[in-house]
Each structure stands twice: as C-alpha cells, then as structure tokens.
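Under our numbering, the first residue of the sequence shown is numbered 3, with each subsequent residue one higher.
Below is one structure, written out as structure tokens, with a few remarks after it.
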Amino acid sequence: MLDAFVDGLDLEALSFTRSMPASTGRPGYDPRDLLKLYVYGYANQIRSSRRLMRECRRNLEVIFLLRGLVPDFRTIADFRKENAEALKRVFQVFTKVCVELDLYKQVLLAVDGTKVRAVNSKSNCYTTDVLLKKIATIDAHISNYMATMDELDQTEEDESSCIRERLQEILDDFHARKERYCLMNGNIPHVALKYDKEARVFSLPYREADITDTLRARTDPEAIRTCLHAGVLPLA
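Take a look at the structure:
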C-alpha cells in the first residue's frame with residue numbers, strides 16, 4: 003500500500019525538490035524513495051534520521067522498499083527540511099485517499115419528531131470558524147516542531163535523541179488532530195448553525211434545571227437566563 007500510494011503521487015505538482023532530475027551532474031536520490039522511507043519511519047515510530055539510515059542496512063522491509071539504497075542521515079534530514087510544505091500537501095492527499103477508500107465512515111445522524119435537551123461540551127463544540135482556527139494553530143505548531151527537529155538533526159550529541167523522539171511523538175499527534183479537524187470541516191461544515199434553528203453556541207455555564215413551557219414563555223430576565231443556562235432557548 004505504501005508503494006502504491008507514493009508511486010501514485012505527482013511529486014512535481016506537489017513541489018518536491020529534485021522531482022525532475024537535472025541533465026548534468028551525478029543523479030541524486032529519487033524523492034519517491036526518500037518519501038517512502040520517511041512515511042515508513044512515521045508508521046513504525048522510527049524518528050531520527052540516523053535510525054532511519056541504520057534501518058536501511060538491517061531491516062529487510064526497508065531494504066526491499068528502497069531496493070537496497072542506503073541514504074546518509076544528512077540526506078534524509080535535508081529531504082524533510084527542503085520539502086516541509088510538500089510533506090504537508092502529501093498529508094492532505096493522504097486524508098482524501100482515506101476518505102475515498104471509506105477508511106473513514108461518514109454517517110448522518112438525525113432526530114425525527116423528538117426534542118432532545120442537551121448542552122455540548124465547549125471543547126467539543128465545533129463550527130467552521132473554530133475548525134479553521136484549530137487547523138491554522140496546528141499548522142503553526144507543526145512548522146515549529148519540524149524546525150526544532152531540523153536543529154536537533156544538526157547536532158551529534160546522544161542526549162539529543164530523547165528530545166527528538168518526544169518531538170516526533172508530539173508532531174504525530176498534531177498530524178492526527180489536523181486530519182480529524184480537516185475531515186470534520188470538509189464533511190459536516192456548520193451543520194448545527196445551518197440547519198438546526200434551535201442550535202446555537204452560547205458562552206454560558208450549564209446549570210441543570212427543569213424547564214417548563216411556562217418558564218420558556220416568560221419574558222423577565224431571570225427566566226430567560228435560567229433557560230439559557232439550562233441549554234434551552236426561551237420562546238420570548
């Protein structure tokens with residue numbers, strides 16, 4: 003699957019460096035081979051460039067995947083540094099492929115003829131604007147962590163490997179969260195505010211209360227406040 007996914011990408015359209023080999027000089031590594039190694043490392047929690055280089059010598063899966071190639075750790079690190087934006091685009095393409103292959107299920111939930119009183123957690127209440135802000139924040143964090151990893155790759159000290167491992171774990175978590183937010187924003191944008199006339203986002207603390215029709219019909223501020231705190235829209 004890894005071979006098929008990478009081989010099916012248009013690396014030139016994704017702006018990978020050296021996707022078209024120069025007519026002069028010694029040929030460099032095919033970006034597809036380095037991309038396969040990079041994705042394999044992420045999938046198998048192999049973080050550092052030096053460890054990826056060692057896997058090219060001893061891991062039969064990697065030897066088969068790269069057809070016996072053994073790039074230097076500096077080459078692997080430079081590939082990530084030079085193609086940071088292109089790798090983000092690969093992530094977006096991968097998300098679309100997963101959706102097209104039905105690896106992520108799209109389910110419509112509906113309530114017919116029933117009123118349900120509920121207040122969603124503020125941390126799980128997403129609108130289009132909220133999702134766009136979260137995606138932008140995660141993009142900034144990803145860029146920051148990739149820059150930090152590039153700095154660590156330039157050092158030779160053994161103690162930097164633990165820091166690099168932790169940074170890679172955080173980066174993987176950011177990628178997973180961005181994928182989830184992209185799917186939510188692409189499949190169900192602004193569902194509540196667009197279709198449900200009674201669904202709104204309120205910055206109010208939730209307080210459990212029995213809300214009657216009489217209370218909802220009242221127009222005094224106290225009754226309206228009680229309804230809103232209970233997550234029910236007043237009739238007034």
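No residue lacks a Cβ here, since even glycine has one placed at the ideal position from N, Cα and C.
- One Cα belongs to Val8, the other to Arg34, and the distance between them is close to 6 Å.
- Secondary structure note for Leu62: its alpha helix (DSSP H) is the uninterrupted segment Leu62 to Leu67.
- By the Cβ rule, the region 128-145 does not count as touching the region 53-70, because fewer than three pairs are nearer than 8 Å.
- A Cβ-Cβ contact shorter than 7 Å links Asp152 with Lys83.
- Distances from the CA of Leu68 to each of Arg76, Gln47 and Tyr40 were compared; the closest alpha carbon is that of Tyr40.
- Around the Cβ of Leu4, a 10 Å sphere holds fewer than 16 other Cβ atoms; the residue is exposed.
- Membership of Pro223 in the alpha helix (DSSP H) is indicated by the continuous run Pro223 to His231.
- Between Thr77 and the set Arg220, His143 and Tyr31, the nearest pair of CA atoms involves Tyr31.
- Annotation: the continuous alpha helix (DSSP H) that includes Ala79 extends over Phe75 to Glu84.
- Its Cα nearest to that of Arg91, the residue Ile144 stands out among Thr216, Leu71, Ile144 and Asp155.
- Counting C-beta atoms within 10 angstroms of its own C-beta, Ala45 has fewer than 16 neighbours from the protein chains shown and is therefore classed as exposed.
- With a beta-carbon spacing of about 41 Å, Ile213 and Phe176 fall beyond the 8 Å limit used to define contacts.
- Secondary structure note for Tyr42: its alpha helix (DSSP H) is the uninterrupted segment Pro33 to Ala45.
- In the three-state scheme derived from DSSP, where H, G and I count as helix and E and B as strand, Ile172 is classed as helix.
- Here the C-alpha atom of Leu105 lies approximately 16 Å from the C-alpha atom of Ala6.
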